[in-house]
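Per this note's numbering, the very first residue in the sequence shown carries number 418; after that it's consecutive. Heads up, the beta-carbon is just placed ideally off N, CA and C, and yes, glycines get one too.
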Amino acid sequence: MSTMTENKTVKARVFELDFLRGLALLMMVLHHLIYDLRFLLKLDVFAFQETWWFDVLLQPFFLNIFLTVSGISCSFSRSNARRGLRLLLLASALSLVTFLASEWSTLNDYIFFNVLHVLAVGILLYAWITRMERRNRQGKDRVDVVLLIA
Numbered sequence: 418m419s420t421m422t423e424n425k426t427v428k429a430r431v432f433e434l435d436f437l438r439g440l441a442l443l444m445m446v447l448h449h450l451i452y453d454l455r456f457l458l459k460l461d462v463f464a465f466q467e468t469w470w471f472d473v474l475l476q477p478f479f480l481n482i483f484l485t486v487s488g489i490s491c492s493f494s495r496s497n498a499r500r501g502l503r504l505l506l507l508a509s510a511l512s513l514v515t516f517l518a519s520e521w522s523t524l525n526d527y528i529f530f531n532v533l534h535v536l537a538v539g540i541l542l543y544a545w546i547t548r549m550e551r552r553n554r555q556g557k558d559r560v561d562v563v564l565l566i567a
């Protein structure tokens with residue numbers, strides 16, 4: 418006999434999306450750790466961050482994986498507007514904290530608009546467009562053109 422009740426459904430996970438999301442998240446954490454060690458603690462063992470192959474190839478590659486997987490994941494979520502608003506609130510709080518830290522210290526690392534802001538705006542746009550598409554079934558082609566342009 419199973420420990421789960423019959424009325425609970427198990428949500429199927431997409432392994433590939435979870436793997437790519439985890440890989441992109443790991444690379445983002447490593448990038449920020451290396452940045453902090455190099456520029457805040459002045460450890461000069463991570464000079465590769467200033468090379469062209471890191472700036473032009475590696476960093477945009479993992480950033481695009483992260484944003485693409487996040488965009489695909491929006492199609493599986495039912496509460497994109499709420500999630501987008503929470504993320505926008507979190508990103509705005511991060512901007513406020515870094516602004517205050519830059520004002521009160523010698524650090525000049527104010528984050529005005531970063532990946533979290535891009536992700537929040539993208540999720541909110543997706544929520545708005547899908548809502549318009551559901552409300553206006555005959556205008557589906559117009560919404561698809563807007564999505565294509567965006």
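His-534 to Phe-465 span [Cα, whole Å]: Translated into positions along the sequence shown, residue 534 becomes position 117. Translated into positions along the sequence shown, residue 465 becomes position 48. Cα-Cα distance, rounded: 27 Å.
Locate the alpha helix (DSSP H) running through Asn-497, then write down its first and last residues. Position 80 of the sequence shown, counted from the start, is the residue given in the question as residue 497. 497 to 521 is the extent of the alpha helix (DSSP H) around Asn-497.
If you draw a straight line from the alpha carbon of Trp-521 to that of Ala-510, how long is it in whole angstroms? Position 104 of the sequence shown, counting from 1, holds the residue named residue 521. Position 93 of the sequence shown, counting from 1, holds the residue named residue 510. Looking at the two C-alpha atoms, the distance is approximately 16 Å.
Per-residue DSSP class, three states only, for Leu-460: The residue labelled residue 460 in the question sits at position 43 within the sequence shown. It is coil, neither helix nor strand.
With respect to the alpha helix (DSSP H) encompassing Ala-544, which residues constitute its N-terminal and C-terminal limits? Along the sequence shown, one-based indexing puts residue 544 at 127. From DSSP, the alpha helix (DSSP H) with Ala-544 extends over 532 to 552.
Leu-536 to Arg-551 span [Cα, whole Å]: Looking up residue 536 in the sequence shown gives position 119. Looking up residue 551 in the sequence shown gives position 134. Those two C-alpha atoms are separated by around 22 Å.
Taking the alpha helix (DSSP H) that Phe-465 belongs to, which residues open and close that run? What you label residue 465 is simply residue 48 of the sequence shown in a count that begins at 1. Segment: none, Phe-465 is in no alpha helix (DSSP H) and carries neither H nor E.
Could you check the C-alpha separation between Ala-568 and Asn-481 for me, to the nearest Å? Only positions 418 to 567 of the chain appear in the structure, and residue 568 is not among them; the question remains open.
8 Å contact criterion, which Leu-457 and Phe-463 should meet: CB distance rounded: Working through the sequence shown from its first residue, we reach residue 457 at position 40. Working through the sequence shown from its first residue, we reach residue 463 at position 46. Contact doesn't hold; Cβ gap of about 12 Å is too wide.
With 16 other CB atoms within 10 Å as the buried threshold, where does Val-486 fall? Your numbering for residue 486 matches position 69 in the sequence shown. Counting Cβ neighbours within 10 Å, Val-486 comes out buried, since at least 16 surround it.
Alpha-carbon to alpha-carbon, Ser-519 and Gly-488: Working through the sequence shown from its first residue, we reach residue 488 at position 71. Working through the sequence shown from its first residue, we reach residue 519 at position 102. Using only the alpha carbons, I get a separation of about 32 Å.
Helix or strand or just coil, what does DSSP make of Ile-489? Against the sequence shown, residue 489 aligns to sequence position 72. Three-state result, Ile-489: helix.
Give the DSSP-derived three-state secondary structure of Phe-479 in the structure shown. The count along the sequence shown starts at 1 and reaches residue 479 at position 62. Helix, per DSSP.
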